[in-house]
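Heads up, the thing below is written out as structure tokens.
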Amino acid sequence: MREEKFDLAGMAAELNNLLRLKTTVIGMKMFARVDEMTAIPKIRRPSAVHTTDQIVSMASRLGWTVGITADDLVGAQCRAVIGLAPQDENWLAG
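If you use the numbering used here, the sequence shown corresponds to residues 3 to 96, in order.
Below, the structure is given as structure tokens:
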């Protein structure tokens, strides 16, 4: 499998310029193993449990590269919305 390279900084700058966004565009990547995630240069890991929106805000407003696992998030709701837990019947029911 060939890994594609993207100019993510350039893409984000172009989106900001075109859309005139008030916050920084971020991307999320899922890793199969924690050691793959922690190999990212300058990655920050939470020292406490957070909600998904807090993690997204850290990346967007502070410009951080943040790495999390399901254990770093408050509960099933935060995990399920980003694919770290199943969206089962109970979750879908609200």
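All C-beta atoms, glycine included, are put in the ideal place defined by N, C-alpha and C.
Bounds of the alpha helix (DSSP H) holding residue 12 are 10-21. By the neighbour-count definition (other C-beta atoms within 10 Å, threshold 16), residue 70 is a buried residue. Taking a C-beta distance under 8 Å as the contact criterion, residue 74 and residue 48 qualify as a contact pair. When the five nearest sequence neighbours on each side are left out, the beta carbons in the same chain lying within less than 8 Å of the beta carbon of residue 10 are those of 29, in order along the chain. Considering only 87, 38 and 12, the residue with the shortest C-alpha distance to residue 54 is 87.
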